[in-house]
Amino acid sequence: NNATWQCFRRVSLSQARRGRTALSMPGDHSTSQTVVVNGTIPPLGKGVAVGQYAEVDRIFTSKDIDLFGSVISDMNPLHQEWSVSGDDENRIPPEIQNHPLLRSNSSGTTDKLVHGMLVASLFSSIFGTLTPRAVYLNQSLTFAKPVYAGMPVTGRCTTERVRDWRRRKGGVVLLTCTTVVMDCQTKDLEYVTGTADVWLREGVPLGD
1 NNATWQCFRR
11 VSLSQARRGR
21 TALSMPGDHS
31 TSQTVVVNGT
41 IPPLGKGVAV
51 GQYAEVDRIF
61 TSKDIDLFGS
71 VISDMNPLHQ
81 EWSVSGDDEN
91 RIPPEIQNHP
101 LLRSNSSGTT
111 DKLVHGMLVA
121 SLFSSIFGTL
131 TPRAVYLNQS
141 LTFAKPVYAG
151 MPVTGRCTTE
161 RVRDWRRRKG
171 GVVLLTCTTV
181 VMDCQTKDLE
191 YVTGTADVWL
201 REGVPLGD
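Per the UniProt record's numbering, the very first residue in the sequence shown carries number 1; after that it's consecutive.
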């Protein structure tokens, strides 16, 4: 199955990215963007097979990091912006001054580190957009490299195994996928890796 699919979902975000048209959700006056899931896993998993993939591009913003940290109550100073010069009240706290994940930029401040679980949420975004009613069974994660605010990344899920459980009571198709978040341009730098098992309630294996 060589077909390439695109699924669309509107979400409220702080900026449009990569030249895509900004859209406003009903009743929402903030800037929005269209999230596009590309790949060969067909919508709803109807015709799913080993080797198919689905992916989404994303740039996590400073606002994304602040909102996520507030929701989960993770106020780790690595997820905040600090002054490198150290001559004002926003100077780098002593507890992270020599931290290996602290990264400065040309504007004289530090880059905000994206929460690892926020980066990994791209996998949920893929399945929630491509196959509504999909249910996660498990997800393993390895955080290999840090992701900072403003970095373009790609989240990808690739099907490694398809199990047809439709004849069971409340049966479903169960996918085992490799999951990776990588550099958006070169695709050769991996930030997060892992595997996932996902139920597709409307899924149909290719050939059935």
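Think of the CB as a built atom: it goes at the ideal place given N, C-alpha and C, for glycine as much as any other residue.
Remember, predicted model here, so these are calculated numbers, not experimental data.
Could you give the C-beta distance for residue i and residue j, rounded to a whole number, given that I count them as a contact under 8 Å?
i: L189; j: K145; result: 7 Å
i: V37; j: A54; result: 5 Å
i: V181; j: V119; result: 5 Å
i: L122; j: G69; result: The pair is not a contact, with the Cβ atoms about 17 Å apart (cut-off 8 Å).
Give the straight-line distance between the Cα atoms of residue i and residue j, rounded to the nearest whole angstrom.
i: R133; j: L102; result: 39 Å
i: H29; j: R58; result: Confidence at H29 is low in this model, with a pLDDT of 35, below 50, so the placement of that residue should be treated as unreliable; the coordinate-derived value is given next. Approximately 21 Å between the Cα atoms of the pair.
i: Q97; j: T109; result: 13 Å
i: L113; j: Y148; result: 5 Å
i: R91; j: I72; result: 25 Å
i: W199; j: L137; result: 7 Å
i: V162; j: N105; result: 45 Å
i: Q80; j: D164; result: 46 Å
i: I41; j: S85; result: 49 Å
i: S140; j: W82; result: 32 Å
i: V192; j: G150; result: 17 Å
i: S125; j: T195; result: 15 Å
i: D197; j: G116; result: 20 Å
i: R89; j: D64; result: Reading the sequence as shown, one finds Glu at residue 89 and not Arg. When rounded, the distance between both Cα atoms is 24 Å.
i: G39; j: R201; result: 20 Å
Helix, strand or coil: which one does DSSP assign to residue i?
i: I92; result: coil
i: L67; result: helix
i: L200; result: strand
i: G39; result: strand
i: S62; result: helix
i: G194; result: strand
i: G207; result: coil
i: S45; result: Reading off the sequence shown, one finds Gly at residue 45, where the question assumed Ser. G45: helix per DSSP, three-state reduction.
Tell whether a beta-carbon distance below 8 Å holds between residue i and residue j.
i: T131; j: L44; result: yes
i: C157; j: T186; result: no
i: V48; j: V173; result: yes
i: V153; j: D111; result: no
Does the ligand NAP have a heavy atom nearer than 7 Å to the CB of residue i?
i: P132; result: Among the components of this structure there are no ligands whatsoever, and the ligand NAP is therefore not found.
Tell me the start and end of each unbroken beta strand (DSSP E) in the segment 97–174 that is at least 3 residues and wholly inside, in chain order. Secondary structure in the segment 97–174: the beta strand (DSSP E) runs of 3 residues or longer, each lying completely within the stretch, are 135–143, 152–164 in chain order.
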